[in-house]
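So the protein lines, in turn, are chains A and B. Be aware that the first sequence starts at 891, since it is given in our numbering, and climbs by one per residue. Be aware that the second sequence starts at 891, since it is given in our numbering, and climbs by one per residue. Just so you know, even glycine gets a beta-carbon here, dropped at the ideal spot from N, CA and C. See below for the structure under consideration.
There are 2 protein chains.
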Amino acid sequence: MALIVQKYGGTSVGNVERIKNVAAKVKAQWSQGHRVVVVVSARSGVTNELVARAKALSSLPEEREMDVLLATGEQETIALTVMALHAIGVPAVSRTGAQAGIVTDDRHTRARIVRITGGDLLARLDEGKVVVVAGFQGATESGEVTTLGRGGSDLTAIAVAASIKADLCQIYTDVDGVYTADPRVVLDARKLPALSHEEMLELASSGSKVMQARSVEFAQKHNVTFEVRSSFNDNPGTLIKSMDKTLEDAAVAGVALDRSQTRVTVGDLPDRPDAVAALFADLGDAGLSVDMIIKNLGKDGKANLTFSVNTDAYAKAEKVIAETLRRLGSGTVRSAGEVAKLSVVGVGMISHSGVAATLFKALASVGVNSDLITTSEIKISVALDPAKADEAVRAVHAAFGLGK
Amino acid sequence: MALIVQKYGGTSVGNVERIKNVAAKVKAQWSQGHRVVVVVSARSGVTNELVARAKALSSLPEEREMDVLLATGEQETIALTVMALHAIGVPAVSRTGAQAGIVTDDRHTRARIVRITGGDLLARLDEGKVVVVAGFQGATESGEVTTLGRGGSDLTAIAVAASIKADLCQIYTDVDGVYTADPRVVLDARKLPALSHEEMLELASSGSKVMQARSVEFAQKHNVTFEVRSSFNDNPGTLIKSMDKTLEDAAVAGVALDRSQTRVTVGDLPDRPDAVAALFADLGDAGLSVDMIIKNLGKDGKANLTFSVNTDAYAKAEKVIAETLRRLGSGTVRSAGEVAKLSVVGVGMISHSGVAATLFKALASVGVNSDLITTSEIKISVALDPAKADEAVRAVHAAFGLGK
């Protein structure tokens, strides 16, 4: 008999019928004698409605009150889900984030979990009850309501699983697992039965929309095994667990594509280590992450720096950089247009040589020659022309033999 | 500089525009240097929507989860109200019932307040902030969400006022005070400038829809002075305060009418004190209150009992009585049709004689002769034919000289 955490997102609990469907899925596990904790999001659409009402009252609503407002969304879902479980004979009880002991810092709208007590979850499970926990929310030590920001409900599920030492954490979503590449781009893309946390993390930060990197990081840190699977069918999903030697058989697990990067060029930067450091420190302080950096020495002791940022973050990055350059007394910043980022990810890269060679050969075969490249132990990313991205993904996917 | 609690009901915060209107009213007080706590209900309609969703999932939703669900309504309103205050430059912070330290028993959906700590309300007020508290809700000692049932937001306001020793508690509603009679029935009905708690209590339990009796009782017990006034104009309302000698000048303060009473006849009851006691004890245990009782001795040592109950409660009362009679081994129960209950209320009755005489003379003048009568120190109620009720109220109102 296992201890299982199941997480259902906003689409999965989007209306009364879907909540009934979730209750039936939960009952299927509970009937087999498993102890089940369910984490739910707000019904899809609810958050947008609440935000619209807030914006009608204030152009810049205070983040503390935004959290009080938004937290009502999941609170509604937990009560409705418990009612649906009761209606089919499953004993159940709801818990808000605060009641489940999810303690966060006070960075409202994007709070970080500082500890999780689990509240009385295990005691309620021992009574034979299913416990339904509100995702996305927590409370500070002093009892202020907080929300966890994007991907917050996944994080709640994984944090709850860690705190009660669950055997498995199932993330139910609208895709049925993690694929070797986006199936809409690569027709013979294959669902991966298993992945390491490290690979999932690289995929998450490489444009795979399945999960936010922070939830994967939390799972890796606390060694939580989780499964990404569909709430609309009963197919097995993809299991994400700690790195395993047997996973190394394949050099590359998958190919990810992030279409929303912008290439930033900083010219005439003083060519001193402290100048480059100041630039990246200021970007980091503003919460902006950069990728795929190259530096060229220019004339007159000046340097040119090129890197990529998320397109959404470009306006903010440009503002931060302009301020840094003003302080340094030299330099220009401009966008050099949008790029796509293609990444190949796999723990097998650590031991297999030749991954880079296969990658660049495949890219060359479709006429792609990238100058922006970044590597980690288990990932190689290249920037390329968005117009060539789909063709490149298909070539790379085939070159590594990832298809069916 | 006064410490003021203001309560706004669901209609007053029914949409974004009305919430802005509430914020403006609050600002008017705050700008004068007063410290202000605002208690708000859920937007009108929200509770019905939530109940509809619950009913779609379960024919009899668990009361604990119903509370978790319904409490989201006021939580939304507190956040929106604070945002509206911020938008017009008023520093403010929200508090849920639990955060405001409203501790209740665990009778979900109709919890009783057991104590109120006030949380950090005074500390926040001292910072110059307006504090916006969710009405209608609290939490048990162990942190379960509860709601207070009908009239719960009024009760929250009065309880908060008691705990922080407010100078005044203003109940903003859709009527602009307490009248000598229903202005829709009696054209020259007059708004009362002031009333005692006792009079307000008798009016509340005599069919005046202005406030629930439990809130008035709480105010009386904790000596909270409150004002009933309109949220749609700036007219002064009616002040309810502890009994005052000067109030005794008028024998009668007002005439109330409750149209929703049903007359119950219990026949062939064993004429023993324990039989009557058992009947009323069983009704009391079922939470049913009866009024205007008369007993007639029948034949063969049997008695007939007639009394009134709220029409809404008749079906339940009949079931309870049938069970009692089955246990007693004798008796029948039936409805003798709907009656209206007319009450005259006034602290002056204690010292003024002749109130009953004036009342019955006025009733006789319109052809009303009642056999069901009940009296308290400050109230006389009579049951009468609903078809004659309006005419009777006008005659009594005039006989006591209550008009303009």
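- Rounded to whole angstroms, the gap between the alpha carbons of A:Leu-1011 and A:Gly-1018 is 11 Å.
- Residue-level contact by beta carbon holds for B:Gln-989 and chain A, with a gap shorter than 8 Å.
- DSSP, read as helix, strand or coil, puts A:Ser-1120 in strand.
- In the DSSP assignment, A:Val-1234 falls within the unbroken beta strand (DSSP E) covering 1222-1235.
- Within the segment 1003-1045 of chain A, the complete alpha helix (DSSP H) runs of at least 4 residues fall at 1011-1016.
- The Cβ of A:Glu-966 sits closer than 8 Å to at least one Cβ of chain B.
- Judged by beta-carbon spacing, B:Leu-1045 lies beyond the 8 Å limit of B:Thr-994, meaning their Cβ atoms are not closer than that value.
- Burial is judged here by how many other beta carbons sit within 10 angstroms of a residue's own beta carbon; A:Val-1004 has fewer than 16 and is exposed.
- Taking C-beta separations shorter than 8 Å and ignoring five residues to either side along the sequence, the partners of A:Gly-1188 in its chain run Gly-1157, Asp-1158, Asp-1161 and Asn-1194, following chain order.
- In this chain, the beta strand (DSSP E) harbouring B:Leu-1129 covers 1128-1131.
- The DSSP assignment places 893-898 and 925-930 as complete runs of the beta strand (DSSP E) inside the segment 891-933 of chain B, in order along the chain (cut-off: 3 residues).
- Around the beta carbon of A:Gln-922, a 10 Å sphere encloses fewer than 16 other beta carbons of the protein chains shown; the residue is thus reported as exposed.
- Under the 8 Å criterion on CB atoms, A:Val-906 is classed as interfacial with respect to chain B.
- Assignment of beta-bridge partners to A:Arg-1153 by DSSP yields A:Ser-1198.
- Listed in chain order, the non-local C-beta contacts of B:Glu-1267 below 6 Å within the same chain comprise Ile-1240, local neighbours out to five positions each way being set aside.
- Residues of the segment 1240-1254 of chain B with a C-beta less than 8 Å from any C-beta of chain A: none at all.
- The three-state secondary structure of A:Asp-1181, taken from DSSP, is strand.
- The beta carbon of B:Ala-988 lies closer than 8 Å to those of Gln-1027, Gly-1028, Ala-1029, Gly-1033 and Val-1035 in the same chain, with the five residues before and after it left out.
- Apart from sequence neighbours up to five positions away, the residues of its chain that approach A:Val-1076 with a beta-carbon distance below 7 Å are Val-1283, Arg-1284 and His-1287, ordered along the chain.
- Here the alpha carbon of B:Glu-1088 sits roughly 24 Å from the alpha carbon of B:Val-929.
- Chain-order list of chain B residues neighbouring A:Arg-1014: empty, with the shortest C-beta distance near 12 Å, by a criterion of under 7 Å.
- Closer than 8 Å to the CB of A:Met-1133 there is not a single CB belonging to chain B.
- In summary, the residues of the segment 970-986 of chain A whose CB is separated from some CB of chain B by less than 8 Å are Leu-970, Val-972, Met-973, Ala-974, His-976, Ala-977, Val-983, Ser-984 and Thr-986, in the order they occur in the chain.
- Taking all protein chains in view, the Cβ of B:Ala-1165 is crowded by 16 or more other Cβ atoms within 10 Å, so the residue is classified as buried.
- Two segments are said to touch when three or more pairs of C-beta atoms, one from each, lie closer than 8 Å; by this definition the segment 1199-1213 of chain B touches the segment 1142-1156 of chain B.
- The DSSP-derived three-state label of A:Gly-1144 is strand.
- Neighbours of B:Ser-1150 in chain A, taken as residues whose beta carbon is under 8 Å from its own, are absent, since the nearest beta carbon is some 31 Å off.
- If you check each beta-carbon in the segment 948-962 of chain B against every beta-carbon of chain A, the ones closer than 9 Å belong to Ser-948, Ser-949, Leu-950, Pro-951, Glu-952, Arg-954, Glu-955, Met-956, Asp-957, Val-958, Leu-959, Leu-960, Ala-961 and Thr-962.
- As a beta-bridge residue in DSSP terms, B:Tyr-1069 pairs with B:Lys-1081.
- For the options A:Ile-909, A:Ala-1143, A:Thr-967 and A:Val-1229, the alpha carbon positioned closest to that of A:Asp-1072 is the one of A:Ala-1143.
- Rounded to whole angstroms, the separation of the alpha carbons of B:Ser-902 and B:Lys-1278 is 35 Å.
- Nearest CB-CB separation between B:Ile-992 and chain A: not below the 8 Å threshold.
- Beta-bridge analysis with DSSP links A:Val-1272 to A:Leu-1232 and A:Ile-1263.
- A Cβ-Cβ distance of about 7 Å is found for the pair A:Val-1118 and A:Met-1101, placing them in contact under the 8 Å criterion.
- Think of a sphere of 8 Å around the beta carbon of B:Leu-940: the chain A residues whose beta carbon falls inside it are Glu-966, in chain order.
- In the structure shown, A:Asp-1172 adopts helical secondary structure according to DSSP, grouped into three states.
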